[in-house]
Every structure is written in structure tokens, then in C-alpha cells.
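Undergrad: Submitted below is the structure of interest, expressed as C-alpha cells.
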Amino acid sequence: MRFNDTLLGLLILVFGAMVAGYARTFPSMPGQSVGPSLFPTVIGIGFIFLGAALSASGLRRGERPAIAAGAPVPSRRARIGFLLVIVDLVFYAVAVDWLGFFLAGFLFLMVLMRAFGVPTLRAAAVSAGVTLAMHYGFYTLLRVPLPWGLLEPLAW
Amino acid sequence: MVEHLIAGVGLALDPYVLGVVLASALFGLFVGAIPGLTATMAVALLVPVTFFLPPIPAVACIVTATAMTIFAGDIPGALLRMPGTPASAAYCDEAYAMTRRGDAETALGASLVFSAIGGLLGTLVLMSAAPALANVALEFSSFEYLWLVVLGLTCAAFVSPGRPLKSFVSLLLGLLVATVGFENPAAYPRFTFGFTALMSGLQLIPVMIGMFAVSEVLRYALAADSPVQEVPQAIGRIFRGQWEVLRRYPLAAFRGGAIGTVVGALPGAGADIAAWIAYGVSKRFSKTPERFGSGHVEGVAEAGAANNAALSGAWIPALVFGIPGDSITAIVIGVLYLKGMNPGPTIFIENPQNIYAVFVIFLMANVLLLPLGWVLIKASKNVLHVPRNVLMPVILLFCVVGAFAINNSVFDVGVMLAFGLIAYLMEANGFPIAPTILGIVLGGMLEQNLVTSMIKAEGSLLAFVERPIAAVLCGVTVLIWMSAAAGRRLRPQP
Numbered sequence: 423m424r425f426n427d428t429l430l431g432l433l434i435l436v437f438g439a440m441v442a443g444y445a446r447t448f449p450s451m452p453g454q455s456v457g458p459s460l461f462p463t464v465i466g467i468g469f470i471f472l473g474a475a476l477s478a479s480g481l482r483r484g485e486r487p488a489i490a491a492g493a494p495v496p497s498r499r500a501r502i503g504f505l506l507v508i509v510d511l512v513f514y515a516v517a518v519d520w521l522g523f524f525l526a527g528f529l530f531l532m533v534l535m536r537a538f539g540v541p542t543l544r545a546a547a548v549s550a551g552v553t554l555a556m557h558y559g560f561y562t563l564l565r566v567p568l569p570w571g572l573l574e575p576l577a578w
Numbered sequence: 025m026v027e028h029l030i031a032g033v034g035l036a037l038d039p040y041v042l043g044v045v046l047a048s049a050l051f052g053l054f055v056g057a058i059p060g061l062t063a064t065m066a067v068a069l070l071v072p073v074t075f076f077l078p079p080i081p082a083v084a085c086i087v088t089a090t091a092m093t094i095f096a097g098d099i100p101g102a103l104l105r106m107p108g109t110p111a112s113a114a115y116c117d118e119a120y121a122m123t124r125r126g127d128a129e130t131a132l133g134a135s136l137v138f139s140a141i142g143g144l145l146g147t148l149v150l151m152s153a154a155p156a157l158a159n160v161a162l163e164f165s166s167f168e169y170l171w172l173v174v175l176g177l178t179c180a181a182f183v184s185p186g187r188p189l190k191s192f193v194s195l196l197l198g199l200l201v202a203t204v205g206f207e208n209p210a211a212y213p214r215f216t217f218g219f220t221a222l223m224s225g226l227q228l229i230p231v232m233i234g235m236f237a238v239s240e241v242l243r244y245a246l247a248a249d250s251p252v253q254e255v256p257q258a259i260g261r262i263f264r265g266q267w268e269v270l271r272r273y274p275l276a277a278f279r280g281g282a283i284g285t286v287v288g289a290l291p292g293a294g295a296d297i298a299a300w301i302a303y304g305v306s307k308r309f310s311k312t313p314e315r316f317g318s319g320h321v322e323g324v325a326e327a328g329a330a331n332n333a334a335l336s337g338a339w340i341p342a343l344v345f346g347i348p349g350d351s352i353t354a355i356v357i358g359v360l361y362l363k364g365m366n367p368g369p370t371i372f373i374e375n376p377q378n379i380y381a382v383f384v385i386f387l388m389a390n391v392l393l394l395p396l397g398w399v400l401i402k403a404s405k406n407v408l409h410v411p412r413n414v415l416m417p418v419i420l421l422f423c424v425v426g427a428f429a430i431n432n433s434v435f436d437v438g439v440m441l442a443f444g445l446i447a448y449l450m451e452a453n454g455f456p457i458a459p460t461i462l463g464i465v466l467g468g469m470l471e472q473n474l475v476t477s478m479i480k481a482e483g484s485l486l487a488f489v490e491r492p493i494a495a496v497l498c499g500v501t502v503l504i505w506m507s508a509a510a511g512r513r514l515r516p517q518p
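In order, the protein sequence lines correspond to chains B and V.
The opening position of the first sequence corresponds to residue 423 in our numbering, with each subsequent residue numbered one higher.
The opening position of the second sequence corresponds to residue 25 in our numbering, with each subsequent residue numbered one higher.
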């Protein structure tokens, strides 16, 4: 997703104002001129200036704030793939403790590979192989406590 | 120094370390040879692994993998005209022109030999410059460190490709990320919004994995599937004629190595910028500049040496000051802290044998590059055909397991995903990532030294430039700002 400079500048400016405003609520340190709010305030003001400059450069070219035109629109499949990357990550994080690494990892790979167009049989074979290999590497060699979840009775 | 070196050799030749070196070398070669996977990504993926290794193998892992990755990026560059990593982009067309002429062996051989030479030269400079600089740095107070950080961040913002305005936004974002948590001079929890997980700040590892690996997978998911190209021909004898090339262009090796080391040592500029500059310099001073672009080995050799030298160069400020020379060393600094090898001038006093072991591993990795690189070139037909749609999900699982393994917290996976999206949006809108990373790594140091200096100065601005080195560093910073401003004014407006 691309934005033009005018809109980007505006967003950065507003963000900077929010940062600086929030930083003003930090307490000051008794007896000292510099407190925890100084540094974030400076950063916020920096964002405001940079955002204003970016917006100004866009406005000088006659740009109205907008999502940049001309960028190629990704295909439906590509957008679904993009969303699935995000959904899949969330799924893994939520489900891994319950399902265990083997099942969660296998499903994680299967879903994405199918979304990226890998044939089902091949995706299943690779997913199984990679899950096993990664389990060996992290669990056996590096001793990372990957969860067993539903497969707890089989744990080694 | 000699006894430390010997102790370092002993540590580096440990069979466990050698095993790690070999494994990470293979990993690095593979990652480098796949276009779209960068050296920084290789490191980001390795960090969770290093987390569970002892200090020396952990660092060995990163050193070896990066040296291999930067070379391996030349292979798809020469064979398919697709640079494997951005560091190979500068001379990709040149090397591809050689391949089309039927000279793939010479192009790849020169890449390999000069990569190793460049890497070795850079390491020798690192070995001699870093301890010497550390001696000077022992005298530094908060004023010198403050200016050093400001200088480093200034470099990072100005040398990044793209508009300085956007580079500074990237930089500020990094500095802002660094303020999260209560690790600040006042120990006040900032921007935690009630999350206890944010109290100690955003964890560097999930942030890095998100910005360098998850963003790449997201970009892949959105890009239209590009068909895999055929590797044009069988590769013959790679090392044949390389002695001839080296004899004809000895200067290329040294100048490339030197340029690479210096550019690498500048904060924010890494192997990719080093290669562009070295290629440009090579053409400018060549006896036959007209042959550049038509498949001339001289530029490939010089730039190939430069990008590998830059890797070592970047370690100089990273080890001595804790200021990363590129985004790879930005991650390395995080790893060094995790492993109790805190960067800074005292690293050469407290645990010198560890640092010398790192130097020895650098040398070893660059020598090992020759045989392993040879194998990879021979196997390139197979490696380049690994389907991307299988590889990307595997990388993503590796990311999520890595981010998860460290704290077993779902929160870290969220952080990784959030920064993956942020990095994706930044790149799509022309904001460079490197300044953000430097900002995250240096933000704490900047604030700490700023606050300490302000308290010490008691309101006197003069105190900031009273000490000679502080004054020089301040002067250089101001000069860079002024020349950048003048450059903008002189440049014709589009």
C-alpha cells in the first residue's frame, strides 16, 4: 500500500503531535532540568517538522492527500496470500500450546504452501519433513522447550 | 596481543565451534544464493539459534554466515541477472554480461577469489584498528560518546538510499522504539500502555525478525509469481585464470578492500553501498573504462572484494564503541549483549581472547569461502531452483519459532508481526529500514549520554565541546549537515 507524500507527511505530523503530547504527561524528575519526557518530546517535535516538510513538498507538486495512484493492484490471490501470512502467524501463536508444535507447525506450513500454490501432496510431504527437522534442530539440538500439546503422550 | 591471539586460536579451533562454522556456512551460502533473501535476514534468522549457543559459537555463527551470504549473492547475479543480496546489485549486470559471453567461470571465479581477498583484508584492518581505537576510546566521557552517536546517526540518515527527509523519519521511528519501557535515566515506564511485557522495552530479536524476515515474506506474498529462470550453462573450471586476473588487477583487490572496510565502518553504510562505490571508483580509475558494462572482470573483482571487506569494517565501530557499522552489526550488538560480551573499549581488556577468537573466525570463514564457494557454484543449478513458494512458508515458520522460543510469549510473535507490517509499509513507501535499526540500537545510548552530559554541563553549552575529541566529532557532524544542506541547494531542482 503506497501513500503520496502529502498524506504521508500529514500522518507523520499527527503521529508526532500525539507522541509529543503523550510525552508531556510523563513526570519530571525532582531537582533536575531533564526528565523522561525530554527525549520523546524532541522525537515528537522532529516528526512534526519532518511530516510538515514532506507534506509541503507534496503540496508543491499539487498533490492532494491520497493513496498513491498508479501502483499496480495486486491480484485477489496475492491479497489472500498476504492476509493468510498474518492470519497464519496469529493462528500459530494462539494454537501452539494446545495443538503442540508438530500439529501447529504442520498446519501452519500446509496453509501457506497451499495459498502460494504448492500442490497438496508435495505441500504435505514438505510440511511434515520440515516440521520434523525443525523439531530436531530446536528441541533436540538446541533444547528449546517446544510444546507437545495434544501429542503429550508421545513426548520424547 | 600475541598471547591473546594464541588463546583466541585455541577457542576458535574447538571442534564444536568448527561444527557451528561449517553449518552456518552452508546456511549462509544457501540464503545468499536465493534472490530476495539478504545477509541481514540470514542473521535475523540465526539470532534465535545463537540465543541457545555459548558466546563464541554464537558469534562464529553470524560471522561465517554473513561472509558466505555476501559472496553467494553473486551467483544468481552472474547467472540469472538477479542479485542474491543487495550487495551484489552493483556489478550484477557486468557479471551477467560475462556469462552471456560464455565467461561465467571467470565471473564467478573472480567473485569468489576477490570476495575472499576482500574479506581477509577487511579482517586484517579490523584486527589492527579495533584494539588501537579502543585504547583511545578508553578516555571517552559522555560528551565524546554523545557526539559519536550523533555522528553515527547522521551518517546513517544521509548515506541511506532515498530522500534524507524520509531517512530521518525512519531514524526517529527507531529512536522512538528505543524509548519504550522503563530503561531510561529516570526509570519511568514510557509508552508501555499498561502492558507488562513492554516494561523492559521492545525485545530486539522479534523486532529484527519482523523487519528483515517477515516483511520479506509479506512482500513475496503480494508480488506476482515470477517464473524460475534456467541456469544457462554447465559451469567449468572456476579457478582457472584467476591468478592471471589477480596479477593484472592487483590494485583492484587492495583498493576494493580498502574502500569496503572504510564504507563498512561508517554507520548505516554496509556492503551494498561499498560495492556501488568500489564499482564506481574502479571504473573511474581503470585503464580501460570503456570496457565496463560489456562484461569486464575488473569491476566485478573490485566491488566483489569491497562488499566482503565491508562486513569486517562494520565490526570496528560495533566492537569499540557499540555503534553498528551496518544493519548486520546492529543485530550483532544485540547478540553480544545477550552473550555478556558487551561491546565497548573494555572488551579488549576484560575478555581479549574472546575477541581474538572472533577475529580468527573471520579469517577462517574467508578462507573457507574458497572451497565451499566452489561447491556452491558447482551446485548452483540445483540451489537456484528451490521453489520460492515452498521456501517462504518454511522461513516464516522459522521466524515464528525463533521469536517464540526466546520468551515463550505470544506477545513477541505479535511484536514480530507488527514490525513486519511496519517494515513492509516503510519499504513500499520509500523509507529505508537501516536508519530505524540504528535508531533502535543507539537510542538508549543517545539518551543516556545526552542526559548525563546535560547534568554534568549544568547548563553550559560550552561543556559539550570543551574536550578536544568531542569538539572534533561535533565539527565533523556539523560539516556533514552543512555539506548536505549545501548539496541540496546546489542540486538543480527537478
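Yeah, the Cβ is synthetic: ideal placement off N, Cα and C, and Gly gets one too.
Could you tell me whether any Cβ in chain B is nearer than 9 Å to the Cβ of V/Met469?
TA: In the second sequence, the residue the question calls residue 469 of chain V occupies position 445. V/Met469 does not count as touching chain B.
Undergrad: Taking V/Glu207 and V/Ser224 to be in contact with their CB atoms under 8 Å, please state how far apart those CB atoms are, rounded to whole angstroms.
TA: Taking the first residue of the second sequence as position 1, residue 207 of chain V is located at position 183. Taking the first residue of the second sequence as position 1, residue 224 of chain V is located at position 200. The pair is a contact, with the Cβ atoms about 7 Å apart (cut-off 8 Å).
Undergrad: Of the residues V/Pro100, V/Gly368, V/Ala442, which one's Cα is nearest the Cα of V/Ala156?
TA: Residue mapping note: residue 156 of chain V aligns to position 132 of the second sequence, counting from 1. Here the closest residue by C-alpha is V/Gly368.
Undergrad: 9 Å is my cut-off, CB to CB: does V/Val475 come that close to chain B?
TA: Residue mapping note: residue 475 of chain V aligns to position 451 of the second sequence, counting from 1. V/Val475 counts as touching chain B.
Undergrad: In chain order, which continuous runs of the alpha helix (DSSP H) of length 4 or greater are located wholly inside the segment 165–248 of chain V?
TA: List check, alpha helix (DSSP H) in window: 166–183, 188–203, 228–233, 239–246.
Undergrad: Answer with buried or exposed for B/Met440, where buried requires no fewer than 16 other C-beta atoms within 10 angstroms of its C-beta.
TA: Taking the first residue of the first sequence as 1, we reach residue 440 of chain B at position 18. B/Met440 comes out exposed.
Undergrad: Would you give the residue range spanned by the alpha helix (DSSP H) that V/Val399 belongs to?
TA: On the second sequence, residue 399 of chain V is found 375 positions in, with the first residue counted as 1. Where V/Val399 is concerned, the enclosing alpha helix (DSSP H) stretches over 376–407.
Undergrad: Unbroken alpha helix (DSSP H) runs of length 4 or more, entirely within the segment 436–493 of chain V: which are they?
TA: Runs found: 458–481.
Undergrad: Could you tell me the alpha carbon to alpha carbon distance between B/Leu554 and V/Glu129, rounded to whole angstroms?
TA: Here residue 554 of chain B refers to the residue found at position 132 of the first sequence. Here residue 129 of chain V refers to the residue found at position 105 of the second sequence. One C-alpha to the other measures close to 38 Å.
Undergrad: For a minimum of 4 consecutive residues, which ranges assigned as the alpha helix (DSSP H) are wholly contained in the segment 250–307 of chain V?
TA: Counting only runs of 4 or more, we get 266–272, 274–289.
Undergrad: What residues of chain B sit near V/Pro78, judged by a beta carbon separation below 8 Å?
TA: Counted from its first residue, the second sequence places residue 78 of chain V at position 54. Those within 8 Å of V/Pro78 in chain B number zero; the least Cβ separation is about 12 Å.
Undergrad: Following the continuous alpha helix (DSSP H) through B/Phe471, name the residue where it begins and the one where it ends.
TA: For this step, residue 471 of chain B is matched to residue 49 along the first sequence. Counting along the chain, the alpha helix (DSSP H) containing B/Phe471 begins and ends at 460–482.
Undergrad: Taking all protein chains shown into account, do 16 or more other C-beta atoms lie within 10 angstroms of the C-beta of B/Ala547, making it buried, or fewer, making it exposed?
TA: Your numbering for residue 547 of chain B matches position 125 in the first sequence. B/Ala547 should be labelled exposed.
Undergrad: Output, in chain order, the set of chain V residues within a Cβ distance shorter than 9 Å of B/Tyr558.
TA: Here residue 558 of chain B is taken as the residue at index 136 of the first sequence, counted from 1. Those do not exist, as B/Tyr558 stays about 12 Å from chain V at its closest Cβ, beyond 9 Å.
Undergrad: Would you call the segment 369–385 of chain V and the segment 200–216 of chain V in contact, with 3 or more CB pairs under 8 Å?
TA: No: the two stretches stay apart, fewer than three of their Cβ pairs being nearer than 8 Å.
Undergrad: For the 8 Å Cβ check, are there 3 or more pairs between the segment 294–307 of chain V and the segment 271–279 of chain V?
TA: Yes, the segment 294–307 of chain V is in contact with the segment 271–279 of chain V.
Undergrad: Determine the closest residue to V/Tyr380 out of V/Ala495, V/Phe76, V/Ala89, V/Ser152, with distance taken between C-alpha atoms.
TA: Counting from one through the second sequence, the residue named residue 380 of chain V turns up at place 356. The residue with the shortest Cα to Cα distance from V/Tyr380 is V/Ser152.
Undergrad: For B/Ile489, which three-state DSSP category applies?
TA: Working through the first sequence from its first residue, we reach residue 489 of chain B at position 67. B/Ile489: strand per DSSP, three-state reduction.
Undergrad: If I measure Cβ to Cβ from B/Trp570 and keep anything under 6 Å in the same chain, skipping five residues before and after, which residues do I get?
TA: For the purposes of this step, residue 570 of chain B is identified with residue 148 of the first sequence, where counting begins at 1. Around B/Trp570: Gly522, Ala577.
Undergrad: Just how far apart, CA to CA, sit V/Val87 and V/Leu226?
TA: The residue labelled residue 87 of chain V in the question sits at position 63 within the second sequence. The residue labelled residue 226 of chain V in the question sits at position 202 within the second sequence. Taking the straight line joining both Cα atoms gives about 25 Å.
Undergrad: With DSSP collapsed to three states, give me the class of V/Phe76.
TA: The residue labelled residue 76 of chain V in the question sits at position 52 within the second sequence. In the structure shown, V/Phe76 sits in coil (DSSP, three-state: anything other than H, G, I, E or B).
Undergrad: Determine whether the beta carbon atoms of V/Gly426 and V/Pro79 lie at a separation below 9 Å.
TA: Position 402 of the second sequence holds residue 426 of chain V. Position 55 of the second sequence holds residue 79 of chain V. No, these two residues do not count as a Cβ contact at 9 Å.
Undergrad: Evaluate the contact criterion for the segment 210–217 of chain V versus the segment 43–55 of chain V: three or more CB pairs, one atom per stretch, below 8 Å.
TA: Touching, no, given that fewer than three Cβ pairs across the two stretches are closer than 8 Å.
Undergrad: Thinking C-alpha only, which one of V/Gly438, V/Asn473, V/Gly146 is nearest B/Val507?
TA: Residue mapping note: residue 507 of chain B aligns to position 85 of the first sequence, counting from 1. Of the listed residues, the one whose Cα sits closest to B/Val507 is V/Gly438.
Undergrad: May I ask which residues mark the beginning and end of the alpha helix (DSSP H) holding B/Asp519?
TA: Within the first sequence, residue 519 of chain B is the residue found at index 97, counting from 1. It spans 498–521 - the alpha helix (DSSP H) in which B/Asp519 sits, taken as one unbroken run.
Undergrad: For B/Phe425, which beta-bridge partners are listed by DSSP?
TA: Position 3 of the first sequence, counted from the start, is the residue given in the question as residue 425 of chain B. DSSP output for B/Phe425 lists B/Ile489 as bridge partner(s).
Undergrad: Within 10 angstroms of the Cβ of V/His320, are there 16 or more other Cβ atoms? Answer buried if so, exposed if not.
TA: The sequence position of residue 320 of chain V within the second sequence is 296, counting from 1. Counting Cβ neighbours within 10 Å, V/His320 comes out buried, since at least 16 surround it.
Undergrad: Specify whether the segment 550–566 of chain B and the segment 342–349 of chain V touch according to this definition: at least 3 beta carbon pairs, one from each stretch, less than 8 Å apart.
TA: Short answer: they don't touch.
Undergrad: Can you tell me where the alpha helix (DSSP H) with V/Ala354 in it begins and where it stops?
TA: To locate residue 354 of chain V, count along the second sequence from 1; it is residue 330. Start and end: 351–362.
Undergrad: Expressed to the nearest angstrom, what Euclidean distance is found between the alpha-carbon atoms of V/Ala68 and V/Ala89?
TA: The residue labelled residue 68 of chain V in the question sits at position 44 within the second sequence. The residue labelled residue 89 of chain V in the question sits at position 65 within the second sequence. If I take the Cα positions, the gap works out to 11 Å.
Undergrad: Taking Cβ positions, are V/Ala329 and V/Gly294 nearer each other than 9 Å?
TA: Position 305 of the second sequence, counted from the first residue, corresponds to residue 329 of chain V. Position 270 of the second sequence, counted from the first residue, corresponds to residue 294 of chain V. For V/Ala329 and V/Gly294, no; Cβs fall outside 9 Å.
Undergrad: Which class does V/Ile58 belong to by DSSP, given the choice of helix, strand or coil?
TA: As a first step, residue 58 of chain V is located in the second sequence; it is residue number 34 there, counting from the start. Coil.
Undergrad: Please tell me whether B/Leu481 has its Cβ less than 9 Å away from any Cβ of chain V.
TA: Along the first sequence, read from residue 1 onward, the residue named residue 481 of chain B stands at position 59. Not one chain V Cβ lies under 9 Å of B/Leu481.
Undergrad: CB-CB under 8 Å to B/Glu574, same chain, minus the five flanking residues each way: which ones, in chain order?
TA: As a working mapping, residue 574 of chain B is identified with position 152 in the first sequence. Answer for B/Glu574: Gly522, listed in chain order.
Undergrad: How is V/Arg105 classed by DSSP in three states: helix, strand or coil?
TA: Along the second sequence, one-based indexing puts residue 105 of chain V at 81. Of the three classes helix, strand and coil, the one that applies to V/Arg105 here is coil, per DSSP.
Undergrad: Have a look at V/Ala57, V/Asp117, V/Gly444, V/Arg271 and flag the residue whose alpha-carbon is nearest the alpha-carbon of V/Arg315.
TA: Along the second sequence, one-based indexing puts residue 315 of chain V at 291. Here the closest residue by C-alpha is V/Asp117.
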